[in-house]
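Just below is one structure, and these are the notes that go with it.
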Amino acid sequence: MRILLVEDDVRLAETLAEALTDQLYAVDVVHDGEAGWYQARALNYDLLLLDVMLPELDGISLCHRLRSHSYNLPILILTACDTINDEINGLDVGADDYVVKPVDLQKLFARIRALLRRGSVTSPPILEWGDLRLNPSTYEVSYGPTLIHLTPKEYGILELLLRNGRRVLSRRVIIEHIWALESPPEEHTVKVHIRGLRQKLKVAGAPEDMIETVHSMGYRLNQL
Numbered sequence: 479m480r481i482l483l484v485e486d487d488v489r490l491a492e493t494l495a496e497a498l499t500d501q502l503y504a505v506d507v508v509h510d511g512e513a514g515w516y517q518a519r520a521l522n523y524d525l526l527l528l529d530v531m532l533p534e535l536d537g538i539s540l541c542h543r544l545r546s547h548s549y550n551l552p553i554l555i556l557t558a559c560d561t562i563n564d565e566i567n568g569l570d571v572g573a574d575d576y577v578v579k580p581v582d583l584q585k586l587f588a589r590i591r592a593l594l595r596r597g598s599v600t601s602p603p604i605l606e607w608g609d610l611r612l613n614p615s616t617y618e619v620s621y622g623p624t625l626i627h628l629t630p631k632e633y634g635i636l637e638l639l640l641r642n643g644r645r646v647l648s649r650r651v652i653i654e655h656i657w658a659l660e661s662p663p664e665e666h667t668v669k670v671h672i673r674g675l676r677q678k679l680k681v682a683g684a685p686e687d688m689i690e691t692v693h694s695m696g697y698r699l700n701q702l
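First residue of the sequence shown? That's 479 in the working numbering, and the numbers climb one at a time after it.
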């Protein structure tokens, strides 16, 4: 899952980005509203985390601009304790929810999970493919009764595959969803992570070809 964070407080932005990365999200950060507008148009994000008080273009105006251009991604607004009008205005122009500063990280994580579930109507809370189960709320992966311990990148790739089923995902698409823009790897890195993921699935009892390679195109889950 990829999140765009628009926050002009550099220290807070770094803290939030680090915390969200620890929760296995890919996070891109910009520090003003206009940069947020261009970044939101450049990539497909799963959620926008948006401060209200921003230079160039404030958060309320950015939210309104995105909605008026038919951008339907979930938008979560960050607002100061004493700015109830910001909360009302943000919801009125199309924000889905808000979190009050100073940010309680556990509350923020819960709100993000709720918005991501709401924004993906066809995806159940627990993702399944045959005997393979992935729980996005607890980050637990199992095949049958066997728990599988994955690295953060392996987990992110598997979640992306489960959310797309038989749709073929190229290495470039996987990189755009799993890695932050500041440190994108070479495409060969995806192949290495896929190999490790397949090995761990096999050890847990999954078929060797559960993750199918579509020649010259990418990867997808094999037909059940």
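Note that the Cβ used here is the ideal one computed from N, Cα and C, for glycine as well.
### Residues near Gln501 by beta carbon distance below 7 Å, same chain, minus five either side
The residue given as residue 501 occupies position 23 in the sequence shown. Excluding the 5 residues flanking it on each side, Gln501 has same chain C-beta neighbours closer than 7 Å at Phe587, in chain order.
### Task
Quick one: grab the DSSP three-state call for Glu618.
Your numbering for residue 618 matches position 140 in the sequence shown. Strand, per DSSP.
#### Entry: Beta-carbon spacing of Leu532, Leu554 below 7 Å
Walking along the sequence shown from the start, residue 532 turns up at place 54. Walking along the sequence shown from the start, residue 554 turns up at place 76. Contact flag unset, no.
### Query
In terms of DSSP beta bridges, what is Gly514 paired with?
Position 36 of the sequence shown holds residue 514. DSSP lists no bridge partner for Gly514.
### Query
Closest to Glu534 by CA distance: which of Arg698, Glu690, Arg595 and Val484 is it?
Taking the first residue of the sequence shown as position 1, residue 534 is located at position 56. Minimum Cα-Cα distance from Glu534 among the listed residues Arg698, Glu690, Arg595 and Val484 corresponds to Val484.
### Complete runs of the beta strand (DSSP E) confined to the region 580–609 [at least 3 residues]
Listed in chain order, the complete beta strand (DSSP E) runs (minimum 3 residues) inside the region 580–609 are 605–607.
### Message
Distance check for Val681 and Trp657, CA to CA, integer angstroms please.
### Response
Walking along the sequence shown from the start, residue 657 turns up at place 179. Walking along the sequence shown from the start, residue 681 turns up at place 203. One C-alpha to the other measures close to 26 Å.
### Query
What did DSSP end up calling Glu496 once you bin it into helix, strand or coil?
Within the sequence shown, residue 496 is the residue found at index 18, counting from 1. Residue state, collapsed to three classes: helix.
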